[in-house]
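**Student:** The structure follows.
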Amino acid sequence: MLRHIKEIAIKDLRLEFRTKSTLNFMLLFALITSMMFSISVPFQSIQGTAPGLLWLVFLFVGLMGFSRAFLREVELGTLDGLKSAPVSPSDILLGKVIYNLVLVLIMEAIIVPVFIGLFDLEIGNLPLAFLVITTGNAGFVVVSSSLSTLVLRARSRELLAPLIMFPVIYPVISTTISGLRMAMGGGVLMDVKNEFILLVSFIIIMLIVSLLTFEYALED
Amino acid sequence: MEIEKKTQGIIMLISVAGFLLAILCGYGALIYLGPEKTLGDSYRIFFFHTPSAIVSLLGFTGTLIFSVRYLIRRDVESDIYAVSTAKVSLVFVTIALIMGSIWAKFAWGEYWNWDPRETAVLILWFVYAGYFALRSAIDEFDARARSSAIFAVFGYVTVPLAYLSTRIWASLHPVIIHTTGMNLEPRMVMVFVPMIFAVLMIYISFVWIDGRLKKIEYQLMEVVE
Chain R
-13 MLRHIKEIAI KDLRLEFRTK STLNFMLLFA LITSMMFSIS VPFQSIQGTA PGLLWLVFLF
47 VGLMGFSRAF LREVELGTLD GLKSAPVSPS DILLGKVIYN LVLVLIMEAI IVPVFIGLFD
107 LEIGNLPLAF LVITTGNAGF VVVSSSLSTL VLRARSRELL APLIMFPVIY PVISTTISGL
167 RMAMGGGVLM DVKNEFILLV SFIIIMLIVS LLTFEYALED
Chain Z
3 MEIEKKTQGI IMLISVAGFL LAILCGYGAL IYLGPEKTLG DSYRIFFFHT PSAIVSLLGF
63 TGTLIFSVRY LIRRDVESDI YAVSTAKVSL VFVTIALIMG SIWAKFAWGE YWNWDPRETA
123 VLILWFVYAG YFALRSAIDE FDARARSSAI FAVFGYVTVP LAYLSTRIWA SLHPVIIHTT
183 GMNLEPRMVM VFVPMIFAVL MIYISFVWID GRLKKIEYQL MEVVE
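Those protein sequence lines, which keep their order, are chains R and Z. Going by our numbering, the first residue of the first sequence is number -13, and it counts up by one from there. Going by our numbering, the first residue of the second sequence is number 3, and it counts up by one from there.
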């Protein structure tokens, strides 16, 4: 089972790194949103609004990028091949989740430094800020990977995806932002204990729901 | 057909009894009970706002149950009732939101306060609005029913969150129902509890009527095709 998950994640990563289309688009999109925020928020209020803006960049980028994992299979016509492969649906889902997590880690490594430079931010506890964003993104990835399969057959799915994803991941959005604010203000791990408990339990619940329903989501 | 007739009779009875009980409780809330010490007369909206909120949360639980039943059984009826419960619950939760913000203006000074429960219920509203958006975007029957059923399972997390929000975060909303009893005067309980049942009965009859209408529409479609 672990082997199958790894195979699927590696297949997607290999495919992605051959063209880098999703990664490049996500990166460009993140840069352009950061620039927009940079010109639209007055300099004096940056320090207070920065955690929210940084997290918004990741939300927008994730929304565009994460659903690509399944959309690409549909566009290339390989979804049926994936379904008929001798792997269980939960392996497919977990493989895609890991693939998206790798994408997010790469994005974080590039976007966070650029963002800090662009806004000239002072971050109290950088490792903790990274940890909070990564955990928040993990929750986002788990939900969006499985919900993106629901819109595969829908009309105007790009418009529909944020409509159905944002309310479901709202607990992640609000918790991550408060954790991020704490980390940027120089908080330590104990300060964001409650946020972590909420995030991790949300991730576990959503992972269970995803694994239980994914078999149905992949049907024809 | 015989069973259908029988249920129809029961539902008729439930709806009439529900409306009568609601009128009686409405009288209790608006006239029988005196003004409250701190909130004055504005507290009377509580007897309409809270029951519709409670019933809508129960109703979304019904949506979850019918959605899971659809995923297991794949029958048209489950899909129809999942939609009907979601639709009527969405109406009830909208009523609760509007009444709540009117009351908030009088009790807390502003229509919208981003109180944890207000936020959680608004998010819940968006989840089920998204449910209908998702349904309207898929044409094929099976794919639509399946996708929306799965989404209903995901979206249900917001329901316990809305219920527990006042207990998890500091909230302006008081906690009324405890494990040990209710945080209300006995005279208010006498109006409040029957009102919940009245709204629930109205809810059930709406769901049944809407579901039956959809079933007839579905049968008609099958005949036409």
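We put the CB at the ideal spot given by N, CA and C, even for glycine.
Jot down the residue ranges of each uninterrupted beta strand (DSSP E) in the stretch 38 to 73 of chain R, minimum 3 residues, whole runs only, in chain order.
**Tutor:** Fully enclosed beta strand (DSSP E) runs of 3 or longer: not present.
**Student:** Tell me which same chain residues have a C-beta within less than 7 Å of the C-beta of asparagine 86 of chain R, skipping the five on either side of it?
**Tutor:** Residue numbering aside, residue 86 of chain R sits at position 100 when the first sequence is read from its first letter. Excluding positions up to five away in sequence, the list reads Phe52, Ala55, Val127, Ser131.
**Student:** Taking only beta-carbon atoms, is phenylalanine 56 of chain R less than 9 Å away from chain Z?
**Tutor:** By 1-based counting over the first sequence, the position of residue 56 of chain R is 70. With 9 Å as the cut-off, phenylalanine 56 of chain R does not count as an interface residue toward chain Z.
**Student:** Select from Z/Leu99, Z/Ala109, Z/Val155 the residue whose C-alpha is nearest the C-alpha of isoleucine 74 of chain Z.
**Tutor:** For this step, residue 74 of chain Z is matched to residue 72 along the second sequence. Comparing Cα positions, the closest option is Z/Val155.
**Student:** Can you tell me which residues form a DSSP beta bridge with glutamate 179 of chain Z?
**Tutor:** The sequence position of residue 179 of chain Z within the second sequence is 177, counting from 1. Correcting the residue identity first, residue 179 of chain Z is isoleucine in this sequence and not glutamate. Isoleucine 179 of chain Z is bridged to Z/Met184.
**Student:** Hey, would you say serine 91 of chain Z sits closer than 9 Å to threonine 65 of chain Z, going by beta carbons?
**Tutor:** One-based indexing of the second sequence puts residue 91 of chain Z at position 89. One-based indexing of the second sequence puts residue 65 of chain Z at position 63. In contact: serine 91 of chain Z and threonine 65 of chain Z (Cβ atoms closer than 9 Å).
**Student:** DSSP on glutamate 224 of chain Z, reduced to helix/strand/coil?
**Tutor:** Along the second sequence, read from residue 1 onward, the residue named residue 224 of chain Z stands at position 222. Correct three-state label for glutamate 224 of chain Z: helix.
**Student:** In three-state terms, what does DSSP make of glycine 36 of chain Z?
**Tutor:** Position 34 of the second sequence, counted from the start, is the residue given in the question as residue 36 of chain Z. Three-state DSSP puts glycine 36 of chain Z in coil, outside helix and strand.
**Student:** Just checking: is the beta-carbon of phenylalanine 194 of chain Z within a distance shorter than 9 Å of some beta-carbon in chain R?
**Tutor:** By one-based count along the second sequence, residue 194 of chain Z stands at place 192. Judged by the 9 Å Cβ criterion, phenylalanine 194 of chain Z is not in contact with chain R.
**Student:** Measure from the C-beta of valine 155 of chain Z to each C-beta in chain R and report whether the shortest distance is under 9 Å.
**Tutor:** The residue you call residue 155 of chain Z lines up with position 153 of the second sequence. Output row for valine 155 of chain Z: interface = yes.
**Student:** Determine which residues of the stretch 116 to 129 of chain Z have a Cβ less than 7 Å from any Cβ of chain R, and write them out in chain order.
**Tutor:** If the cut-off is 7 Å between Cβ atoms, the stretch 116 to 129 of chain Z has Ile125, Phe128, Val129 near chain R.
**Student:** Taking glycine 132 of chain Z as the query, report the chain R residues whose CB atoms sit under 7 Å from its CB, ordered along the chain.
**Tutor:** Here residue 132 of chain Z is taken as the residue at index 130 of the second sequence, counted from 1. What glycine 132 of chain Z touches in chain R: Leu149, Ile150, Pro153.
**Student:** Using CA coordinates, which residue listed in Z/Val195, Z/Glu79, Z/Tyr158, Z/Ala109 is at the minimum distance from leucine 215 of chain Z?
**Tutor:** Locating residue 215 of chain Z in the second sequence gives position 213, counting from the first residue. Selected option, being the one with the closest Cα: Z/Glu79.
**Student:** Can you find a CB in chain R that lies within less than 9 Å of the CB of threonine 9 of chain Z?
**Tutor:** Here residue 9 of chain Z is taken as the residue at index 7 of the second sequence, counted from 1. No, its Cβ sits nowhere closer than 9 Å to a Cβ of chain R.
**Student:** For isoleucine 179 of chain Z, count neighbouring C-beta atoms within 10 Å of its own C-beta (all shown protein chains included) and say buried if the count is 16 or more, exposed if not.
**Tutor:** As a position in the second sequence, residue 179 of chain Z is number 177, starting the count at 1. Under this definition isoleucine 179 of chain Z is an exposed residue.
**Student:** Among residues of its own chain, excluding the 5 on either side of leucine 186 of chain Z, which ones have a beta-carbon nearer than 8 Å to its beta-carbon?
**Tutor:** In the second sequence, the residue the question calls residue 186 of chain Z occupies position 184. Here the set comprises Ile178, Phe194.
**Student:** Can you have a look at tyrosine 29 of chain Z and say buried or exposed, based on whether 16 or more other CB atoms are within 10 angstroms of its CB?
**Tutor:** For the purposes of this step, residue 29 of chain Z is taken as the residue at position 27 of the second sequence. Exposed, because fewer than 16 other Cβ atoms sit within 10 Å of the Cβ of tyrosine 29 of chain Z.
**Student:** Are the Cβ atoms of leucine 184 of chain R and valine 154 of chain R separated by less than 9 Å?
**Tutor:** Here residue 184 of chain R refers to the residue found at position 198 of the first sequence. Here residue 154 of chain R refers to the residue found at position 168 of the first sequence. No.
**Student:** How many angstroms separate the CA atom of serine 26 of chain R from the CA atom of alanine 147 of chain R?
**Tutor:** Residue mapping note: residue 26 of chain R aligns to position 40 of the first sequence, counting from 1. Residue mapping note: residue 147 of chain R aligns to position 161 of the first sequence, counting from 1. Cα to Cα, serine 26 of chain R sits roughly 26 Å from alanine 147 of chain R.
**Student:** On the DSSP bridge list, what partners appear for glycine 42 of chain Z?
**Tutor:** The sequence position of residue 42 of chain Z within the second sequence is 40, counting from 1. DSSP, once it has assigned bridges, lists Z/Glu38 as partnering glycine 42 of chain Z.
**Student:** Starting from leucine 185 of chain R, find everything on chain Z with Cβ-Cβ shorter than 7 Å and list it in chain order.
**Tutor:** To locate residue 185 of chain R, count along the first sequence from 1; it is residue 199. Ordered by position in chain Z, no residue passes the 7 Å Cβ test against leucine 185 of chain R, which lies about 13 Å from the chain.
**Student:** Between the C-alpha atoms of methionine 93 of chain R and isoleucine 56 of chain Z, what's the straight-line distance to the nearest angstrom?
**Tutor:** Taking the first sequence and counting its residues from 1, one reaches residue 93 of chain R at position 107. Taking the second sequence and counting its residues from 1, one reaches residue 56 of chain Z at position 54. If I take the Cα positions, the gap works out to 43 Å.
**Student:** Going along chain R, which residues have a C-beta under 8 Å from serine 167 of chain Z?
**Tutor:** As a working note, residue 167 of chain Z is residue 165 in the second sequence. Per Cβ cutoff of 8 Å: no residues; serine 167 of chain Z is ~10 Å from chain R at best.
**Student:** Does the stretch 216 to 223 of chain Z come close enough to the stretch 94 to 101 of chain Z to have 3 or more Cβ pairs within less than 8 Å?
**Tutor:** The answer is no - the stretch 94 to 101 of chain Z does not touch the stretch 216 to 223 of chain Z, with fewer than three Cβ pairs under 8 Å.
**Student:** Label asparagine 267 of chain R either buried or exposed according to how many other C-beta atoms from any shown protein chain fall within 10 Å of its C-beta, with 16 as the threshold for buried.
**Tutor:** Outside the displayed span of chain R (-13 to 206) sits residue 267 of chain R, for which this structure offers no information.
**Student:** Under 9 Å, Cβ to Cβ, is there at least one residue of chain Z near proline 72 of chain R?
**Tutor:** The residue given as residue 72 of chain R occupies position 86 in the first sequence. Chain Z contact via Cβ: absent.
**Student:** Return the Cβ separation of isoleucine 229 of chain Z and isoleucine 16 of chain Z in integer angstroms, given the expectation that the two are a contact with Cβ distance under 8 Å.
**Tutor:** With chain Z represented from 3 up to 227, any question about residue 229 of chain Z goes unanswered, as that position is not in the structure.
**Student:** Are the beta-carbon atoms of aspartate 177 of chain R and glycine 81 of chain R separated by less than 9 Å?
**Tutor:** Sequence index remark: in the first sequence, residue 177 of chain R carries index 191 (1-based). Sequence index remark: in the first sequence, residue 81 of chain R carries index 95 (1-based). Contact flag unset, no.
**Student:** Just the Cα atoms here: how many angstroms apart are methionine -13 of chain R and serine 74 of chain R?
**Tutor:** Within the first sequence, residue -13 of chain R is the residue found at index 1, counting from 1. Within the first sequence, residue 74 of chain R is the residue found at index 88, counting from 1. So the two alpha carbons sit approximately 8 Å from each other.
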